[in-house]
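Per mature numbering (1 follows the signal peptide of the UniProt record, and there is no 0), the sequence shown runs over residues -24 to -1, 1 to 195.
Beta carbons are placed, not taken as given, at the ideal position from N, Cα and C, and that holds for glycine.
In this text the structure is predicted, and so the values were computed from the model without any measurement.
Notes follow once the structure below has been shown.
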Amino acid sequence: MSLSFFCFSNIRYLFVLHLVCVYCFNSPLSVDSCCVGHCMLLTYAPFLHVGSEPGAGSCNIQNGGCVHKCRQSRHGVHCSCHAGYHLTANGKDCQDVDECVEEGHCSQGCTNTAGSFECRCEQGYVLRPDKKGCKALGPEPVLLFANRIDIRRVLPYRSEYTLLLNNLENAIALDFHHKRALVFWSDVTLDRIAHATLNGNASTEIISTGLESPGTSRH
């Protein structure tokens, strides 16, 4: 009765990992006809301990012992993991990556999931299409800036600006009261502080005495 053996991890048969040899250990056949490396009875092949020695193992047998992905090379099997996981110290298992402890994934809240993560936003915000950033609900944001002779209003998302106040002397600093919808500015030529509504109406002088270069600091 002839015996059949299963050969593995032989450089000569790197891409023919299921080669079956007859009388592998004491075969009179040439090395091109049989295995030169390690052989075992086909009966025991399912119980092969992958990676027991350098060059041993096949990705075709129990995925090479890899939990996720297995790559065959002349030196044996190499395991790798799917996105969102990292290879553990034993070189076989894969562990979930907690993206929430790393910076840059979510702009506000973060919930870790198996192999991935989910971003969430605080009340008053909505998740952007990229599923990472948060956008404030409500009216379109407005940027105000002083240009000495006027104060202008910019719409950042549309790159548009309009004139809010003009015919000023030397406005170099401003502030904004959100609840009252008022814009405040200081004029270093007139030495005064004034405010107006956000639509540019009802300009009112609130401080005009006892000021020296309002909006600047002296050391």
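Within its own chain, the residues whose Cβ lies closer than 7 Å to the Cβ of Lys108, once the five positions on either side in sequence are excluded, are His81, Cys82, Ser83 and Cys95, listed in chain order.
Taken through DSSP and simplified to helix, strand or coil, Cys76 comes out as helix.
Taking 7 Å as the cut-off, the Cβ atoms of Asn146 and Asp163 count as close. The Cβ atoms of Lys45 and Ser56 sit closer than 7 Å to each other. According to the DSSP assignment, Arg47 belongs to the beta strand (DSSP E) that extends over Lys45 to Ser49. In this model, Val159 and Ser92 are separated by some 45 Å (Cα to Cα).
Between the C-alpha atoms of His154 and Val73 there is a straight-line separation of about 42 Å. When the five nearest sequence neighbours on each side are left out, the beta carbons in the same chain lying within less than 7 Å of the beta carbon of Ile182 are those of Ile169, Ala170 and His171, in order along the chain.
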